[in-house]
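Residues 0 to 155 in numbering that gives the first Met the number 0 are what the sequence shown lists, from first letter to last. Encoded as structure tokens, the structure appears first; notes follow it.
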Amino acid sequence: MSEKHLVCQGAVCQCKFGTTPDKLKVKSQQGYYVNDKDGAQKPIANTKDIGQPFEANTFGSCKKMNNNSCKPNITAWKDFYDQVTLPNNGKILLENSKAVCAVAGSPCIDITFHGQTAAITAAHAQKANNDVQSQLNPLMNAKDAGAQLLAFNLAV
């Protein structure tokens, strides 16, 4: 995959003929998640997310439609990861994947943010190398921070 991020729900997309971005909403599958410790918020986007898989279902005004309201209709995805097939027969989207819109007839929708965010957990802090962490931040003990983070997560 040459260090490309997998795309998940919440990814930001932009059409080169539209004026505003929209967020991807995965409707094709709810069994496989990425970057989500609870496995409920960020399903993996795939080539079966076609039609209108966006939250607002618009990219603002469309240059291809004389600046009238955009109504995207995804017919296909290009440049996806073809080495894995999900149970819905979809292929996983990558951050460089592009969508083909029926209005433009070309791959005009880019993914500008893949949707994954860093979420540090107590387990990460517990696995941290103390020697490295003490060099990076001599005022903090990573193991103690992990215990504090764990206590905070349990209290919430």
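C-beta atoms are modelled at their ideal positions from N, C-alpha and C, and glycine is treated no differently.
By the neighbour-count criterion, in which a residue is buried when 16 or more other Cβ atoms sit within 10 angstroms of its Cβ, residue 42 is buried. Annotation: residue 48 is outside any beta strand (DSSP E) and is labelled neither H nor E by DSSP. Under the three-state reduction of DSSP output, residue 87 falls in the coil class, being neither helix nor strand. Secondary structure of residue 67 (DSSP, three-state): strand. Between the segment 98 to 106 and the segment 61 to 72, the count of Cβ pairs shorter than 8 Å is three or higher; the stretches touch. Residue 21 and residue 48 have their C-alpha atoms roughly 14 Å apart. Apart from the 5 residues on each side of it in sequence, residue 24 sits with its Cβ closer than 7 Å to the Cβ of 8, 52, 53, 54 in its chain, given in chain order. By the 16-neighbour rule on beta-carbons within 10 angstroms, residue 10 is buried. The C-beta distance from residue 98 to residue 108 rounds to 4 Å, short enough to fall under 8 Å.
With a contact defined as Cβ atoms closer than 8 Å, residue 50 and residue 17 miss out at about 17 Å.
Here residue 30 is exposed, its C-beta having fewer than 16 other C-beta atoms within 10 Å.
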